[in-house]
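This report refers to the structure that appears directly beneath it.
Protein chains: 2
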Amino acid sequence: MAPPTQDNRQRIIAAAREAFMTEGYRSSIDHIAQIAGVAKQTVYNHFPTKEALFDEMTSDNMNLFLVSLSDSPDNPRQALLEFGRKYYEVVLTGQCVAWMRMIAAEAPRFPDMAARTYKLGPVAMLEQLTEYLSRAMASKKLRKDDPQLAAEILYGMLSGAERTRMLFGAEREPYDQEKRVTAIIDCFMRAYQP
Amino acid sequence: MAPPTQDNRQRIIAAAREAFMTEGYRSSIDHIAQIAGVAKQTVYNHFPTKEALFDEMTSDNMNLFLVSLSDSPDNPRQALLEFGRKYYEVVLTGQCVAWMRMIAAEAPRFPDMAARTYKLGPVAMLEQLTEYLSRAMASKKLRKDDPQLAAEILYGMLSGAERTRMLFGAEREPYDQEKRVTAIIDCFMRAYQP
DNA sequence: CACATATTGGACTGTACAGTCTAGTCCAAT
DNA sequence: ATTGGACTAGACTGTACAGTCCAATATGTG
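For the protein sequence lines, the chains are L and P, in the order given. Just so we're aligned, residue 391 is where the first sequence starts under our numbering, counting upward by one. Just so we're aligned, residue 391 is where the second sequence starts under our numbering, counting upward by one.
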């Protein structure tokens, strides 16, 4: 009935994640404390303000939604396919979209937090892609072109319509995700064949 | 000092648009009334609740961000280029992104509104594109393929990375928008040449 | 003019919530 | 056994805001 500090801190952050993700910043401290199974004052023992808690939880969250990209430039199609599949599994997820929705909503109020998140999320992913495509282009596996633009285009194809749909909370008629990823990567490969 | 009803109604809606767009749903009725230059009670004379006002203003807003697509299937590249340019001018705009950010943020709370908006915005645009691509494919101007998927891919390429960036409120190093649109359409044309 | 209706400003109610405070409990180390 | 730090429960303060009420005023119509 008197667990150590660090434990409570983690519980509070986890509760904050859950609450903020589902209700946005309007979620109350009382509620978060309740989810964490902790007294309100304990929350304030660990974080001076609601804002600080919010900030901490987003920092904590960043690495949850990263997708790695194999660095074998020999078979771009295969590597990109894998990437696409993982991307769909990790990023185009209720969880991740809820998070993004919340970040976007609060971006005007917390520009620094939003900028940081943007950098550690989409930008990191784009840089990874750019790097990869650049190498693949250098070794003539892909058409020589602006690798950054190509990365952005691929990123757009993967996330674009689907993420928009999810942001609006719309349902989608059942469809074959694997087929979709394959079609997208094939499309990209057609456009960027050497 | 006592303008007729219809006039006030419009002023209130306009004020609501401005307020909701910049501050989200948390913007207060008092504030909206103040922007409209109208007494709070007047707002309630026209709209029973804040929710009703919000709903009305989104309905009113829908047709603000539509992009038309010429229906000459003879020269897809040209038609799509024009479409892309208009899209960038209209949709990838601070205004429109602020609006989308707000809709997304409130989607869990107002699912009907979000669904309606989604349908009249992105879906309408996608249907238009699908229709166009389908005809272009039929007349052999484009590679025969699933036109809906092609539309979603094109939509993604156009909006994807750029919209994500804007949603996060990030700045972009100066760049040539026209060049970007051209590159995107060219990429699409490469992938979908007959 | 008289009436109905819209508007105004401001007071008011009730609720939700951030953040503070207090009194007391539990635990570990000295 | 005492001290100190974290914790708890709950009361409390101050503020912001949705929505109501009211008394006074302007407007247009019959």
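Beta carbons are placed, not taken as given, at the ideal position from N, Cα and C, and that holds for glycine. This one's a predicted model, so the numbers in the text were calculated from it and none came from an experiment.
If you drop the 5 nearest sequence neighbours on each side, which residues of the same chain put their C-beta closer than 7 Å to that of residue i?
i                 : result
Ala585 of chain P : Absent from the structure is residue 585 of chain P, since the part of chain P shown begins at 391 and ends at 584.
Val428 of chain L : Asn398, Arg401 and Ile402
Met391 of chain P : Any reading at Met391 of chain P is ruled out, since the residue's pLDDT is 39, under 50, leaving its predicted position unreliable.
Leu459 of chain L : Ala469, Phe473, Gln518, Leu519 and Tyr522
Leu532 of chain P : Pro466, Leu523, Ala526, Tyr582 and Pro584
Glu408 of chain L : Ile425
Glu568 of chain P : none
Verify whether the separation of the beta carbon atoms of residue i and residue j is less than 8 Å.
i                 : j                 : result
Thr554 of chain L : Pro512 of chain P : yes
Met547 of chain P : Gly484 of chain L : no
Met515 of chain L : Val571 of chain L : no
Tyr508 of chain P : Ala504 of chain L : no
Ser418 of chain P : Phe410 of chain P : no
Ala526 of chain L : Pro438 of chain L : no
Arg467 of chain P : Ile543 of chain P : no
Met447 of chain P : Ala406 of chain P : yes
Met452 of chain L : Leu510 of chain L : yes
Does chain P have any CB closer than 8 Å to the CB of residue i?
i                 : result
Met547 of chain L : yes
Thr520 of chain L : no
Tyr477 of chain L : no
Ala504 of chain L : yes
Thr554 of chain L : yes
Thr572 of chain L : no
Tyr508 of chain L : yes
Cys577 of chain L : yes
Arg580 of chain L : yes
Ala514 of chain L : no
Tyr539 of chain L : The sequence as given places Leu at residue 539 of chain L; Tyr does not occur at that position. True, the Cβ-Cβ gap to chain P drops below 8 Å.
Gly474 of chain L : no
Pro352 of chain L : Residue 352 of chain L lies beyond the range of chain L shown here (391 to 584); nothing can be said about it.
Pro463 of chain L : no
Pro501 of chain L : yes
From the beta carbon of residue i, is the nearest beta carbon of chain L less than 8 Å away?
i                 : result
Glu517 of chain P : no
Ile493 of chain P : yes
Glu542 of chain P : yes
Ile425 of chain P : no
Pro393 of chain P : The pLDDT assigned to Pro393 of chain P is 49, lower than 50, so where the model puts this residue is not dependable; a value taken from the coordinates is nonetheless given after this. Judged by the 8 Å Cβ criterion, Pro393 of chain P is not in contact with chain L.
Phe558 of chain P : yes
Ala497 of chain P : yes
Arg407 of chain P : no
Ala551 of chain P : yes
Gly484 of chain P : no
Taking 8 Å as the limit between beta carbons, can you name the residues of its chain near residue i, skipping five residues before and five after?
i                 : result
Ala551 of chain L : none
Ser549 of chain P : Tyr477, Val481 and Leu482
Val433 of chain P : Ile402, Ile419, Ile422, Ala423, Ala426 and Leu443
Thr412 of chain L : Ala488
Starting from the C-beta of residue i, find all residues in its chain whose C-beta is less than 6 Å away, skip the five residues before and the five after it, and write them out in chain order.
i                 : result
Tyr415 of chain L : Glu496
Asp535 of chain P : none
Phe578 of chain L : Leu544
Lys530 of chain P : Pro584
Report whether the distance from the Cβ of residue i to the nearest heavy atom of the ligand FMN is below 7 Å.
i                 : result
Leu471 of chain P : Looking at this structure, you won't find the ligand FMN or any other ligand, since it has none at all.
In chain order, each beta strand (DSSP E) run of at least 3 residues that lies wholly inside the segment 558-583 of chain P: When DSSP assignments are scanned along the segment 558-583 of chain P, no uninterrupted stretch of beta strand (DSSP E) that is 3 or more residues long falls wholly within it.
Uninterrupted alpha helix (DSSP H) stretches inside the segment 452-504 of chain L (no shorter than 4 residues): Fully enclosed alpha helix (DSSP H) runs of 4 or longer: 466-480 and 484-496.
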